[in-house]
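First up is the structure itself, then whatever we jot down about it.
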Amino acid sequence: MKKRTKSTITAGIVGTVSYVLLHQENRRKIKEMGSQLISKIKGNRKKKIPKKVGHPSPYDTHDNTMVSEGSLYAIKKYNEQQQNKNGKVLS
Numbered sequence: 018m019k020k021r022t023k024s025t026i027t028a029g030i031v032g033t034v035s036y037v038l039l040h041q042e043n044r045r046k047i048k049e050m051g052s053q054l055i056s057k058i059k060g061n062r063k064k065k066i067p068k069k070v071g072h073p074s075p076y077d078t079h080d081n082t083m084v085s086e087g088s089l090y091a092i093k094k095y096n097e098q099q100q101n102k103n104g105k106v107l108s
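In our numbering, the protein residues as written are 18 to 108.
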């Protein structure tokens with residue numbers, strides 16, 4: 018039973034692919050899609066380095082604000098955990 022099912026599915030796939038590739042235009046489209054897929058896969062492996070890395074500019078106020086908010090969030094969470102450990106009630 019399994020052999021018959023596999024054979025039927027395989028024959029269906031081969032027939033469909035043969036029919037699609039019968040015309041030159043369809044073959045060209047499939048080649049283009051394949052090359053685009055390969056280029057996307059290879060392109061994703063190369064990580065692009067963001068322009069803003071390292072030390073922030075003191076004149077970039079938006080970036081500096083985000084950094085300060087982020088650091089305060091971690092400190093606030095740490096303080097809350099410490100207060101919960103000590104049994105103090107948060108107000």
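Cβ atoms here follow ideal geometry from the backbone N, Cα and C, with glycine treated the same way.
Every value quoted in this text rests on a predicted model; they were computed, and no experiment measured them.
The beta-carbon separation of V37 and N43, rounded to 5 Å, stays under the 8 Å limit for a contact. Straight-line measurement puts the Cα of I26 at about 32 Å from the Cα of K59. For H40, the secondary structure class from DSSP, reduced to helix, strand or coil, is coil.
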